[in-house]
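Let me begin by presenting the structure, written as structure tokens, before commenting on it.
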Ligand SMILES: [Mg+2]
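Numbering (this note's numbering), first residue to last: 11 to 431.
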């Protein structure tokens, strides 16, 4: 048996934890650089906000309905997510973190207990300890757990927890085909054309014919809805193969100085992540381009790939390689909108050195990185950094409406005022 726990309107809920007066009011959260809507509270959904809506088009609605608009605060969301997942692990050690606000939980360790009751206790604990409301679905397979979760969200009477019953037909009939996990919009259209409009209809279709008209994944989905396990539980995600760090500039970049600082910053963050996951990269790709939407300015898109010999995760080696690859393809006269660094062919384990590498140099680099990471971990990211990343922080995002990072920054802790009388 599996459960799927999913935080309700996660980013909006995080915003509310430390500002309870936002309860009941429409809240939306914007993407990096405050461009588009990426998350909505239930009230904002009812006002018609969609994910991807550019905010400047909705100034009137925002004003009229006093919509609370927030810049994204990933320091807060990431930390709240960690707390939610930690709470789940107290109830079952088998937790597969599926996304920032969702996790599958294997219930087999709870044999003999009432799954629904345990999940209700877990839901209460998460709400009490973190302030985040979650919905939980329970089923024999991951797909059924997802389905029950969907049902729980749309059926307030069940109090946030729903289990697929022994005779699941009635529940299956209430779930539209678009809302079945793994069935995308394209497949839904095709399925509706042959008269399949709910999860119930899909279960009744011969799996083999689904495989022929769609593919093996669609067939597995049907089998999972019938209660046969096809999607495995994966506690530790597979080792990553690539790592990408890129971002749009708040203001277009026209000088090599600024562009190189951005590239060096991305290279720095990518190297840190590599060390964090104990990996080395063999190939580096660097790229930058002008706006994809601006049709009046001249356009340019450049990228270059280099091999890192030997494979490495040392920040200054990766910065040097990235800038060395970017310099020859940089062109004056363009307004660059985005830059990034991608590391490929990642591996863990021993590194094959070339004939001319000095062991001494490598040991020194390694010690330097251990020191760098230790200083930055205890005194704040970027305390020690390479001069190539600059001192003005070209990567500064436009985030005019970000809430405080309540749980991760000492100077932004929530304050409470106590009366003395
Ligand atoms: Mg969610």
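Beta carbons: idealized from backbone N, C-alpha and C, even for Gly.
Next on the checklist: For the pair the stretch 310-318 and the stretch 367-382, tell me if three or more CB-CB distances fall below 8 Å.
Outcome noted: no
Next on the checklist: Within 8 Å, do at least three Cβ pairs link the stretch 98-117 to the stretch 51-66?
Outcome noted: no
Item to check | 8 Å Cβ cutoff met for residue 279 and residue 43 | outcome: In the chain shown, counting from the first residue as 1, residue 279 sits at position 269. In the chain shown, counting from the first residue as 1, residue 43 sits at position 33. No, these two residues do not count as a Cβ contact at 8 Å.
Item to check | ligand 1 heavy atom lying under 7 Å from the CB of residue 59 | outcome: What you label residue 59 is simply residue 49 of the chain shown in a count that begins at 1. No.
Checklist entry - Is it buried or exposed for residue 123, if we count other Cβ within 10 angstroms and need 16 for buried? => result Working through the chain shown from its first residue, we reach residue 123 at position 113. Residue 123 is exposed by the Cβ-count criterion.
Checklist entry - Which whole-angstrom value is the C-beta distance of residue 12 and residue 115, which I expect to be below 8 Å? => result Taking the first residue of the chain shown as position 1, residue 12 is located at position 2. Taking the first residue of the chain shown as position 1, residue 115 is located at position 105. At roughly 7 Å, the Cβ-Cβ gap stays under 8 Å, so residue 12 and residue 115 are in contact.
Checklist entry - Would you call the stretch 411-426 and the stretch 78-87 in contact, with 3 or more CB pairs under 8 Å? => result yes
Next on the checklist: Just checking residue 20 against ligand 1 - is the residue's beta carbon closer than 7 Å to any of the ligand's heavy atoms?
Outcome noted: One-based indexing of the chain shown puts residue 20 at position 10. Checking the Cβ of residue 20 against ligand 1 gives yes.
Checklist entry - Among 214, 348 and 427, which has the Cα closest to the Cα of residue 303? => result Locating residue 303 in the chain shown gives position 293, where the first residue counts as 1. Nearest C-alpha to residue 303: 348.
Checklist entry - Which one or two residues does DSSP pair with residue 109 in a beta bridge? => result Taking the first residue of the chain shown as position 1, residue 109 is located at position 99. Looking at the DSSP assignment, residue 109 forms a beta bridge with 112.
Item to check | Identity of the residue in 128, 35 and 355 nearest residue 292 by Cα | outcome: By 1-based counting over the chain shown, the position of residue 292 is 282. The shortest CA-to-CA distance from residue 292 to any of 128, 35 and 355 is the one to 355.
Item to check | Backbone secondary structure at residue 196 - three-state DSSP | outcome: By one-based count along the chain shown, residue 196 stands at place 186. Note: residue 196 maps to helix in three-state DSSP.
Checklist entry - Count the other CB atoms within 10 Å of the CB of residue 402; is the residue buried (16 or more) or exposed (fewer)? => result By 1-based counting over the chain shown, the position of residue 402 is 392. That one is exposed.
Checklist entry - Taking only runs of the beta strand (DSSP E) that begin and end inside the stretch 107-194, which ones reach a length of at least 3 residues, in chain order? => result 112-116, 144-149 and 171-173
Next on the checklist: Using CA atoms only, rank isn't needed, just tell me which of 244, 245 and 212 is closest to residue 230.
Outcome noted: Numbered from its first residue, the chain shown carries residue 230 at position 220. When only C-alpha atoms are compared, the closest one is 212.
Item to check | Cβ pair residue 173, residue 145 closer than 8 Å | outcome: If you number the chain shown from 1, residue 173 lands on position 163. If you number the chain shown from 1, residue 145 lands on position 135. Against a cut-off of 8 Å, the Cβ pair of residue 145 and residue 173 comes out as no contact.
Checklist entry - According to DSSP, is residue 21 helix, strand or coil? => result Residue numbering aside, residue 21 sits at position 11 when the chain shown is read from its first letter. Of the three classes helix, strand and coil, the one that applies to residue 21 here is helix, per DSSP.
Item to check | First through last residue of the alpha helix (DSSP H) which encompasses residue 391 | outcome: Position 381 of the chain shown, counted from the first residue, corresponds to residue 391. No alpha helix (DSSP H) holds residue 391; DSSP gives it neither H nor E.
Item to check | Proximity of residue 1 and residue 263 at Cβ, strictly below 8 Å | outcome: Outside the shown range of the chain (11 to 431) lies residue 1, about which nothing can therefore be said.
Checklist entry - Among 80, 150 and 307, which residue has its Cα nearest to the Cα of residue 39? => result Within the chain shown, numbered from 1, the residue matching residue 39 stands at position 29. Comparing Cα-Cα distances from residue 39 to each of 80, 150 and 307, the minimum goes to 80.
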